[in-house]
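Residue numbers (my numbering): 292 to 1053.
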């Protein structure tokens, strides 16, 4: 057992019979009068016990069963508290296990299965000590000659505070292993898993193990260009020859940034405290990549350029880091902490971004290295739901971390403060605030000395160690174009033309926000839609009937969705325009370049999308009620809007209906749109009625851009013949409903005739 069962004292039983059955030589009435106080007391006690028993069994939390009205406070979030710790008074933790054994270099892995062939190779690596950390799924007789194995019982005996917070069935128990290695002399820790084979069986051949060597400190390492101050994250796989592959943890909105560096800067070696290796075979990719690239039972086997130079990240720029091919030097050991309140697939990603930001405080940086291991693809299902924590929050987290500043004067105080602020921002919860405190205390308890802070001007985040780069300082490196896979098709031809197109589309629409309403299952499609359109547009805001915070899906009703749009307009005050789109309509963005982004776009010239209905006669009751509300709104419109509407709508006995599958509102009309929503107020005007009313009021129809007039509009089409109605030569196609990943792949195959790079990104 990890923790011994604690014996709970049994409640003392009241012996009520001793009070009630004393022999008395009194008649019953006198006996009652003499014992009235006792009877009342015992009755009250019995009633109280019964009431407490009832409350205990009817309360969701037994620890709060004394709250007689627990539900009255259930919706009030408990404030997160920041621990106050005196880091100068942490007592040492004795190393009872292997107390006399020390090693400078450790490999830490988590195991839940018998020893793998990869572990048998790792344990034979010269100069390294393999440490295997078991979880509740590990075999009871786990053993590997030459390795140190810590079972659940062994871990519980180490007196580490972090053990209290660690899940049983998880690789997150590696935190115990990190502390154990530090306690036993670690200067370098290689964070690994049990399925990676080190290339040439020599970590020293790939990583920089001794940073204090003169040759290392004088070495000049290529560094990503720091001239674009808006760039905060990069895809390192491009540098190593795979521009269509992206690492797990890269924000989906950055997947489309596939161009290589125009030039690099340089930085001196010696401060690369975290070293991220690239993996051949199955690299560290997310579920979106894996599920759309792997063909049936064929395993992925992707190769990276082993001759590409290692590359550093400047301050202000980040890269995804993982927990199975990363080397940590002692100055960054504090950054090994794996958070416990997020999903296991997201834990190392959040750790990596968190650690990178704190690394700047001590003047360190991350360097990414050419292939160091080869991982075999076991063709296992990737848990999409386990990745929501970073699919949704990675971009927001990076922006938060880059802007974070602290006035604390010691590193551990900064770490604790940042952990607290990340909990307040919802990146993890209070459990990780407490876990961080326990982790820092344990570090000090095993003898770790926190590094000193560096005096770095973080408000001028892009310094290089070799001064400001001039044109003469710029270093060029053109990555190889290695074969990759996309939807089981081998990549062979150059795609310079397609890349040029993507850049043009991005330049044209890069400041336009897409607002998309999903009527189907958002769990299966929200991330895919964001990835599809997020490559081209500024961002994609997803609306649905019910909010899904873990997917960043916001709540709005389709019947009156227009009332939600002003909130989005306010959020993106600098956006050039807003394009509304329903998930049953496909947008061929490559055919919209000729449109005027300063004009309104809508489907008024598309037959069947706009219709006129009589407000008189049989079956017109609904239309009549809607028309009455429209008249009231029109009567309160400002002069310029009212004149436009009356000139656009000449028939007083009919009502204009628009299905509103797609429309565009440029910045110059946002104010009018917001005013019109305000005039509608509490009126229950349907979106199909409100949208055409708004458009006719904002401008005259002949001023609309006609870019959508040639869209394919076949409301009678069924799901069995969607692909038959699709054309890459039109601006949009209706209908096309997507409700699963397989249907999404079918859509991408069709859209790739207009945007071939889609085959690489999906």
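Yeah, the Cβ is synthetic: ideal placement off N, Cα and C, and Gly gets one too.
> For residue 556, which of 529, 602, 628 has the nearest alpha-carbon?
Replying inline: The option with the nearest alpha carbon to residue 556 is 602.
>> Among 606, 609, 625, 572, whose alpha-carbon lies nearest the alpha-carbon of residue 664?
In response: Taking only the C-alpha atoms, the option nearest residue 664 is 572.
> Near residue 455, which residues of its chain fall below 8 Å by C-beta distance, leaving aside the five closest residues on each side in sequence?
Replying inline: Exclusion of the five residues before and after residue 455 leaves 729 as the residues of its chain whose Cβ lies within less than 8 Å of its Cβ.
> Based on the DSSP output, what are the partners of residue 397 in its beta bridges?
Replying inline: DSSP output for residue 397 lists 420, 480 as bridge partner(s).
> Taking the alpha helix (DSSP H) that residue 530 falls in, what are its first and last residues?
Replying inline: Segment 527-530, the alpha helix (DSSP H) holding residue 530.
> residue 1021: which of 1010, 1003, 1011 sits nearest, CA to CA?
Replying inline: Answer by Cα proximity: 1003.
> If we count the other Cβ atoms within 10 Å of its Cβ and call it buried at 16 or more, is residue 616 buried or exposed?
Replying inline: Here residue 616 is buried. Its C-beta has 16 or more other C-beta atoms within 10 Å.
>> Pop quiz: residue 429 and residue 466 are said to be a contact at Cβ under 8 Å. What is the actual Cβ separation, rounded to whole angstroms?
In response: Residue 429 to residue 466, Cβ: 16 Å. No contact.
> Between residue 400 and residue 499, is the Cβ-Cβ spacing less than 7 Å?
Replying inline: No.
> To the nearest angstrom, how far is it from the Cα of residue 1044 to the Cα of residue 916?
Replying inline: Cα to Cα, the separation comes out at about 46 Å.
> Thinking C-alpha only, which one of 645, 866, 633 is nearest residue 462?
Replying inline: For residue 462, the nearest C-alpha among the options comes from 633.
>> Can you find the residues in the same chain that come closer than 6 Å, C-beta to C-beta, to residue 711, ignoring five residues on each side of it along the sequence?
In response: 373, 724.
>> Suppose only complete runs of 3+ residues qualify. What are the beta strand (DSSP E) ranges in the region 446-500, listed by chain order?
In response: At a cut-off of 3 residues, the continuous stretches assigned as beta strand (DSSP E) that sit fully inside the region 446-500 are 479-483, 487-489.
> Within 10 angstroms of its Cβ, does residue 472 collect 16 or more other Cβ (buried), or is it exposed?
Replying inline: Classification of residue 472: buried, given that the 10 Å Cβ count is 16 or more.
>> I'd like to know whether the C-beta atoms of residue 1060 and residue 992 end up nearer to each other than 7 Å.
In response: Residue 1060 cannot be examined here, being either before or after the span of the chain that is shown, 292 to 1053.
> Quick one: Cα of residue 501 to Cα of residue 961, how far?
Replying inline: Those two C-alpha atoms are separated by around 59 Å.
> To which residues of the same chain is residue 420 closer than 6 Å at the C-beta, ignoring the five residues directly before and after it?
Replying inline: Apart from the 5 residues on each side of it in sequence, residue 420 sits with its Cβ closer than 6 Å to the Cβ of 394, 397 in its chain, given in chain order.
> How big is the Cα-Cα spacing for residue 588 and residue 526?
Replying inline: Each residue's Cα considered, the two are about 27 Å apart.
>> Under DSSP, the alpha helix (DSSP H) around residue 859 begins and ends at which residues?
In response: Boundaries of the alpha helix (DSSP H) around residue 859: 856-862.
> Which residue or residues does DSSP assign as beta-bridge partners of residue 766?
Replying inline: Partner(s): 555.
> In chain order, what residues of the same chain lie with their CB nearer than 6 Å to the CB of residue 281, ignoring the 5 residues before and after it?
Replying inline: A question about residue 281 goes unanswered here, because the residues of the chain that appear run from 292 up to 1053.
>> At the level of alpha carbons, what is the spacing between residue 853 and residue 954?
In response: Answer to the nearest angstrom: the Cα atoms are 11 Å apart.
> Helix, strand or coil: which one does DSSP assign to residue 870?
Replying inline: Assigned with DSSP and collapsed to three states, residue 870 falls in strand.
>> Only counting the same chain, and skipping five residues up and downstream in sequence, which positions put a Cβ closer than 8 Å to that of residue 935?
In response: The residues are 987, 988, 989, 990, 991.
>> Does the contact criterion of 3 or more C-beta pairs under 8 Å hold for the region 643-652 versus the region 473-493?
In response: Cβ pair count under 8 Å is below three, so no.
> Within 10 angstroms of its Cβ, does residue 732 collect 16 or more other Cβ (buried), or is it exposed?
Replying inline: Flag for residue 732 reads buried.
> Out of 844, 823, 826, which has the shortest C-alpha to C-alpha gap to residue 833?
Replying inline: Nearest in C-alpha terms to residue 833, of all of 844, 823, 826, is 844.
> Looking at the structure shown, is residue 566 part of a helix, part of a strand, or coil, going by DSSP?
Replying inline: DSSP places residue 566 in strand when its eight states are reduced to three.
> Would residue 1050 be called buried (16 or more neighbouring beta carbons within 10 Å of its own) or exposed?
Replying inline: Under the 10 Å beta carbon count, residue 1050 is surrounded by 16 or more other beta carbons and is classified as buried.
>> With H, G and I counted as helix, E and B as strand and the rest as coil, what does DSSP make of residue 539?
In response: It is coil, neither helix nor strand.
> So is residue 840 buried or exposed if we call it buried at 16+ other beta carbons inside 10 Å?
Replying inline: Exposed, by the Cβ-count rule.
>> Assuming residue 830 and residue 544 are in contact, meaning their beta carbons sit under 8 Å apart, how far apart are those beta carbons, in whole angstroms?
In response: Taking C-beta atoms under 8 Å as the contact rule, residue 830 and residue 544 qualify, at a distance of about 7 Å.
>> With DSSP as the reference, identify every bridge partner of residue 953, one or two as the case may be.
In response: Beta-bridge pairing links residue 953 to 872.
> What does DSSP give as the partner residues of residue 846 in its beta bridges?
Replying inline: Checking the DSSP bridge columns, you'll see residue 846 partnered with 835.
> Which term fits residue 371, buried or exposed, when burial requires 16 or more other beta carbons within 10 angstroms of its beta carbon?
Replying inline: By the neighbour-count criterion, in which 16 or more other beta carbons inside 10 Å mark a residue as buried, residue 371 falls on the exposed side.
> Just reading off the beta strand (DSSP E) that residue 439 is part of, what are its end residues?
Replying inline: It spans 439-441 - the beta strand (DSSP E) in which residue 439 sits, taken as one unbroken run.
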